[in-house]
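In the working numbering, the protein residues as written are 205 to 541.
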Ligand code: COA
């Protein structure tokens, strides 16, 4: 994997803000000690290398799934926004673990939430950068729409795709969903975004159900990863794409109220904080109790900050995600729930 990275495009959506957030974590808490019963690992190794102490898994016996989490997070975000399901014009769900390949999760949300049939519903797969990709895309879609309200969800059930015989990956991931309602509004500032992708199926790979190799033999559906290569990629791209979006928006890091970074590993965020020279207090994460929830991690953290009152309203927030694809994306957006 080359460390050389092209940078370039900047997106700007005029006059939009996030007016509601929501999240949902499944009921089953799995601690590091629980995983040490399954693979050769320890709480000490996991917490010092990643910052993770526990994660949540869906309890299928209780009917929990990626779809139920997506519904719950979306309902909460809509309720917090003060808008109704009928007002939504666009519904995007970022995920690489949908409950079904088709219908899309977004389409099923139309039914579950009672969205209008003319809502533009689709899933976005940009792995852990998915929520930021989807938020920017939704902004573009509502820019000219007659119903300029978007529901953007990140929802994952990674416990379904991790390999529980591989200690280097199974300890990292968890399940969850987060959502935000994005509104076009007079007087709202621009959403500014930058993004990138670089095809690479060696650093991080999840074949998905039904995938076959070149000879047509079924592939194990488990996620596989070159942890060190991904760590190098992440610690380079996270500070870089954050700096890019600040430069594109003409904003100093000190003008940002909160940085909401994808929660893959606390050490990755620590490196970004050091490189960017920002106050660590404004980058605090929640990976200790969520693990890496891929596309759900940014909106789950955002919602936790809103619910705990840690975010002033309105707040200038920079979000950034990075992950399989490889993909990365960052955006500056106003949050005023
Ligand atoms: N428990 C105990 N030991 C483990 C372990 C575990 N869960 N997983 C790996 N190890 C061992 C390895 O086998 C290796 O042993 P060895 O030296 O005898 O070969 C040793 O720990 C060090 O492994 P290494 O891979 O170098 O560890 P690391 O410090 O790079 O940390 C990650 C591993 C996965 C935590 C780290 O590389 C990482 O976070 N990478 C990015 C992953 C990521 O964020 N992916 C998602 C992106 S969206």
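Glycine residues also receive a C-beta, built at the ideal position from the N, C-alpha and C atoms. Predicted, not measured: the structure shown is a model, and the values here were computed from it.
Check: Could you tell me if the beta carbon of residue 377 falls within a distance shorter than 6 Å of some heavy atom in the ligand COA?; Outcome: no
Check: List, from N- to C-terminal side, the alpha helix (DSSP H) runs of 4 residues or more that fit wholly inside the region 239–273.; Outcome: 247–254
Check: According to DSSP, is residue 525 helix, strand or coil?; Outcome: strand
Check: CB of residue 431 to nearest heavy atom of the ligand COA: below 6 Å?; Outcome: yes
Check: Identify every run of the alpha helix (DSSP H) within the region 486–511, keeping only runs that are complete inside it and at least 4 residues long; order them along the chain.; Outcome: 491–494 and 501–511
Check: Can you find the residues in the same chain that come closer than 8 Å, C-beta to C-beta, to residue 417, ignoring five residues on each side of it along the sequence?; Outcome: 423
Check: Report yes or no: do the region 349–359 and the region 274–290 share at least 3 C-beta pairs separated by less than 8 Å?; Outcome: yes
Check: Looking only at C-alpha atoms, which of 394, 400 and 420 sits nearest to residue 454?; Outcome: 394
Check: Expressed to the nearest angstrom, what Euclidean distance is found between the alpha-carbon atoms of residue 560 and residue 317?; Outcome: Past the edges of the chain, shown from 205 to 541, lies residue 560, and the structure says nothing about it.
Check: Does chain C have any CB closer than 7 Å to the CB of residue 488?; Outcome: Given the protein chain composition of this structure (a single chain), no chain C is represented.
Check: Please go through the same chain and pick out, in chain order, the residues whose beta-carbon is closer than 7 Å to the beta-carbon of residue 411, but skip the five residues on each side of it.; Outcome: 423 and 425
Check: I need the boundaries of the beta strand (DSSP E) containing residue 425, first residue and last residue.; Outcome: Element bounds for residue 425: n/a, residue is neither H nor E.
Check: Whole angstroms are fine: how far does the CA of residue 226 sit from the CA of residue 507?; Outcome: 5 Å
Check: Classify residue 241: buried if its beta carbon has 16 or more other beta carbons within 10 angstroms, exposed otherwise.; Outcome: exposed
Check: For the ligand COA, is there any heavy atom lying closer than 6 Å to the beta carbon of residue 487?; Outcome: no
Check: For a minimum of 3 consecutive residues, which ranges assigned as the beta strand (DSSP E) are wholly contained in the region 422–477?; Outcome: 462–465
Check: With H, G and I counted as helix, E and B as strand and the rest as coil, what does DSSP make of residue 354?; Outcome: strand
Check: Reducing DSSP to helix, strand and coil, say where residue 516 ends up.; Outcome: coil
Check: Tell me whether residue 406 sits in a helix, a strand or coil according to DSSP, three-state version.; Outcome: coil
Check: Might you give, ordered along the chain, the residues of its own chain that have their beta carbon closer than 7 Å to the beta carbon of residue 274, omitting 5 neighbours on each side?; Outcome: 297, 309, 313, 357, 359 and 381
Check: For residue 244, count the other beta carbons within 10 Å of its own beta carbon; 16 or more makes it buried, fewer makes it exposed. Which is it?; Outcome: exposed
Check: Between the alpha carbons of residue 213 and residue 265, how many angstroms are there, rounded?; Outcome: 46 Å
Check: Tell me the rounded alpha-carbon separation between residue 257 and residue 321.; Outcome: 42 Å
Check: Using only alpha-carbon positions, find the residue among 523, 340 and 494 that is nearest to residue 231.; Outcome: 494
Check: Who does residue 377 pair with in a DSSP beta bridge?; Outcome: 496
Check: Could you work out which residue in 538, 229 and 234 is closest to residue 390 when comparing CA atoms only?; Outcome: 538
Check: Determine the closest residue to residue 387 out of 342, 517 and 233, with distance taken between C-alpha atoms.; Outcome: 342
Check: With distances taken from CA atoms, which of 438, 502 and 219 is nearest residue 479?; Outcome: 438
Check: Check each candidate in 303, 224, 290 and 291 and name the one with the smallest Cα separation from residue 262.; Outcome: 303
Check: With H, G and I counted as helix, E and B as strand and the rest as coil, what does DSSP make of residue 343?; Outcome: helix
Check: Hey, how far is the Cα of residue 396 from the Cα of residue 521?; Outcome: 11 Å
Check: Determine the DSSP secondary structure at residue 348, reduced to helix, strand or coil.; Outcome: coil
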